[in-house]
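Numbers given in the working numbering equal positions in the sequence shown, counted from 1, plus 841.
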Amino acid sequence: MLRSMLLERLSSRAALVVLLVWVCAVGALAFGHVMWRDEVRALSIALSGQNAVEMLSNLRGEGHPAVWYLMLRSAYDVFGRVEVLPVLSLLVAAISVAILLFRSPFPPLVLIFLVFSGFYLSEFSVTARNYGISALILLVIAAVYARYRDKSIVIGVLLFVLANTNVIAAMLVGAFLVFWAADILQETGLRWSPALRNVLINAGIALAGIVLCGLTVWPTYNDAAAVDPASLDLPRAALLAVLNPGGTGFGALGLPPLLAEGLPGQSILVSVLLYGATLGLLPRRSAFLGALTGLIGLSVFFALGAGGSYRHAGVWFFFVVALYWIAWPDIRRALSDAARPAIARSLTIAALSGCLLLVGLQSFRGVARSVGDLAGILPVNSRSADVAQLIKSNVALGDAVILSDPDYLVEPLPYYIGNRTYLTRSDALGSVVKFSRAGILHRDLGDLLRQAQALKASLGVPVVILLSQRLDQIVPGRVYHEGYNWTFRGSAEDIRTFQESTETLARLGPARTGETYDVYVLK
């Protein structure tokens, strides 16, 4: 039954219907989406500087390469509206979904699972980040691989661009080169050939892309976001990551957090599915090798470099989807070849079943979250739009400066309002926070109030203060952890003085991203 299902194809008419349903669903989700800091932060950087060269200089050390920022800058230069941020993300997602539906070889069930996954219903579409571009380029590479594998530099150029979408994609460029070289050698043996020469030329182009990514990303000023290697037994952590990748950032590909909480063996189950998904590529051993290289490499990176999340694991997920696309003719032959040993066919079907379950989990996650969002069951993404509306509705606050604790609460506001924002830990006007292990890590409420008063005195404008901590709920004197490595404390005296010196405008919340606000204006 599974074998016959995997050999089916989706008709063009059915693909069009699926595309229209997806457009309606994502349109409804995007309409209710509120921008949060990680999305708007990229736009703020993209629009910084007098020109693209200055912007790229500002980008250096942020932790992301340049492609998404250049796209945002170019689109804004043409249209002059901040809405280019969500529109670009949705456009990239729509092209990706169309390529999947009309060009890929996958059967109907797999396509429906992919299109209505958590990635294309949310993470790579409604959420405007740079990871959806990686998925699009991977799908394009899969579509043109057979045509350009042995000739041209088309794939090398695509890999160059892919390496500069995000760090995860840059690492997977290396895994793809492993696959490509193995694919040629598997066919020709260990001998020089024009096809191998073409691989090496394209590898040079791709490696130049990786180097450019590295020069843009490192050294990062957001070192607090990285794993501190001094806190780890590195060999042990690396080994555990390889043995149980579901215990790293790849665990996000399992059940949604609300269902997975307290479930024993969740990470082991995800690991089995991850390795099963790679084993499903064995009919084309080079593809299996590429997927395995990417899985092991990223598992170690998540454990030792930067803990990954759903969007990061999703880039590997679509890397594997691209490899399945390329290997699909071999998989079809393996499923339909009666001459293959029964045990080999059974192992292939078992591995593909695990892969199908992994893909199905992403669809379950995406549909469940989408229903929760549309029905109003889940909290909104952020309360940043509410803060902006509150300030815009008060004429007296038209030129107010906004500061917050933690600082990153102001990052999404430039999408909605033009008020200046102030970063208290940097002691400067700005809208992009640096998450450093150096600088001001601790903040007292009294210090924040004095900073706001000094700001009002020097600028002569109203000062709005945003707090994520509820002053009537915190324990006076207790230290509260915020962000990666920040702390906050308010003594009973500080709380009393703050309340006497400010007027409360609103209490907003809750929000999925933690961007919930108590809003005050300095008297």
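Using N, Cα and C, we set each Cβ at its ideal position, and we do this for glycine too.
Residues sharing a beta bridge with residue i, DSSP
{"i": "Leu1244", "result": "Tyr1263, Ile1306"}
{"i": "Ser1360", "result": "The sequence given here places Val at residue 1360; Ser does not occur at that position. Beta-bridge pairing links Val1360 to Leu1307, Ala1347."}
{"i": "Asp1285", "result": "Arg1330"}
{"i": "Ala1352", "result": "Val1221"}
{"i": "Leu1270", "result": "Tyr1263"}
Coarse secondary structure for residue i, derived from DSSP in three states
{"i": "Tyr1321", "result": "strand"}
{"i": "Glu849", "result": "coil"}
{"i": "His800", "result": "Lying outside 842 to 1364, the shown extent of the chain, residue 800 is not represented and no answer is given."}
{"i": "Gly1106", "result": "coil"}
{"i": "Thr1338", "result": "helix"}
{"i": "Asp1178", "result": "coil"}
{"i": "Val1251", "result": "helix"}
{"i": "Lys1297", "result": "helix"}
{"i": "Phe1160", "result": "helix"}
{"i": "Phe960", "result": "helix"}
{"i": "Thr1189", "result": "helix"}
{"i": "Asp1171", "result": "helix"}
{"i": "Leu1231", "result": "helix"}
{"i": "Ile974", "result": "helix"}
{"i": "Tyr1165", "result": "helix"}
{"i": "Tyr1116", "result": "helix"}
{"i": "His1153", "result": "helix"}
{"i": "Gln1314", "result": "coil"}
Residue range of the alpha helix (DSSP H) that includes residue i
{"i": "Leu1219", "result": "No alpha helix (DSSP H) holds Leu1219; DSSP gives it neither H nor E."}
{"i": "Asp879", "result": "878 to 887"}
{"i": "Arg1330", "result": "Segment 1327 to 1330 is the beta strand (DSSP E) holding Arg1330; no alpha helix (DSSP H) there."}
{"i": "Ala893", "result": "893 to 900"}
{"i": "Leu1028", "result": "Looking at the sequence provided, one finds Glu at residue 1028 rather than Leu. Counting along the chain, the alpha helix (DSSP H) containing Glu1028 begins and ends at 1008 to 1029."}
{"i": "Trp909", "result": "908 to 920"}
{"i": "Gly997", "result": "995 to 1004"}
{"i": "Ala1047", "result": "1035 to 1058"}
{"i": "Phe1143", "result": "1126 to 1145"}
{"i": "Pro1076", "result": "1075 to 1084"}
{"i": "Phe1091", "result": "Counting along the chain, Phe1091 falls outside any alpha helix (DSSP H), and DSSP gives it neither H nor E."}
{"i": "Phe1276", "result": "Premise fails: Phe1276 is in no alpha helix (DSSP H) and is neither H nor E."}
Contact under 8 Å by Cβ, residue i with residue j
{"i": "Leu1307", "j": "Ile1232", "result": "no"}
{"i": "Ile1051", "j": "Ala1023", "result": "no"}
{"i": "Asn1063", "j": "Gly1324", "result": "no"}
{"i": "Val928", "j": "Tyr961", "result": "no"}
{"i": "Thr1057", "j": "Leu900", "result": "yes"}
{"i": "Ser1309", "j": "Thr1354", "result": "no"}
{"i": "Pro946", "j": "Trp1166", "result": "yes"}
{"i": "Thr1265", "j": "Leu1250", "result": "no"}
{"i": "Met896", "j": "Ser885", "result": "no"}
{"i": "Val1008", "j": "Val1083", "result": "no"}
{"i": "Gly1106", "j": "Ala1192", "result": "no"}
{"i": "Ala1049", "j": "Phe1001", "result": "yes"}
{"i": "Pro1253", "j": "Ser1225", "result": "yes"}
{"i": "Leu950", "j": "Ala1163", "result": "no"}
{"i": "Ser963", "j": "Ser1150", "result": "no"}
{"i": "Val985", "j": "Ile996", "result": "yes"}
{"i": "Ala1079", "j": "Leu1145", "result": "yes"}
{"i": "Leu1154", "j": "Gly1090", "result": "Inspection of the sequence shows that residue 1154 is occupied by Ala rather than by Leu. Yes, they are a contact pair."}
{"i": "Ala1209", "j": "Pro1097", "result": "yes"}
Cβ-based neighbour list, residue i, same chain, cut-off 7 Å, excluding 5 preceding and 5 following
{"i": "Leu1114", "result": "Gly1195, Leu1198, Leu1199"}
{"i": "Ile936", "result": "Leu977"}
{"i": "Asp1171", "result": "Pro1124, Arg1125"}
{"i": "Leu1018", "result": "Ala1044, Ala1047"}
{"i": "Tyr910", "result": "Ala883, Ile886, Ala887, Met896, Leu900"}
{"i": "Ala1147", "result": "Ala1066, Ala1067, Val1068"}
{"i": "Val925", "result": "Leu913, Ala916, Tyr917"}
{"i": "Asn1326", "result": "Ala1065, Arg1278, Leu1282"}
{"i": "Pro1220", "result": "Pro1351, Ala1352, Arg1353"}
{"i": "His1322", "result": "Thr1328"}
Neighbourhood of residue i by C-beta distance below 6 Å, restricted to the same chain and skipping five residues each side
{"i": "Phe943", "result": "Ala856"}
{"i": "Ser1204", "result": "Phe954, Phe957, Ser958"}
{"i": "Tyr1256", "result": "Met876, Val881, Val923"}
{"i": "Gln1292", "result": "Thr1265"}
{"i": "Arg1278", "result": "Asp1064, Ala1065"}
{"i": "Val1305", "result": "Ala1241, Ile1243, Val1362"}
{"i": "Gly1259", "result": "none"}
{"i": "Phe1339", "result": "Leu1286, Leu1290"}
Enclosing beta strand (DSSP E) for residue i [first to last residue]
{"i": "Ala1347", "result": "1343 to 1348"}
Cβ shell of residue i (< 8 Å), same chain only, five flanking positions each side left out
{"i": "Glu1334", "result": "Gly1287"}
{"i": "Ala1016", "result": "Gly1131, Ala1132, Thr1134, Gly1135, Gly1138, Phe1160"}
{"i": "Val859", "result": "Leu851, Leu942, Leu952, Ile953, Val956"}
{"i": "Asp1359", "result": "Leu1307, Leu1308, Ser1309, Gln1310, Arg1311, Leu1312, Thr1345, Ala1347, Arg1348, Leu1349"}
{"i": "Ser1332", "result": "Asp1285, Leu1286, Gly1287, Pro1317, Gly1318"}
Any chain D beta carbon closer than 8 Å to residue i
{"i": "Arg1186", "result": "You won't find chain D in this structure, because it holds only one protein chain."}
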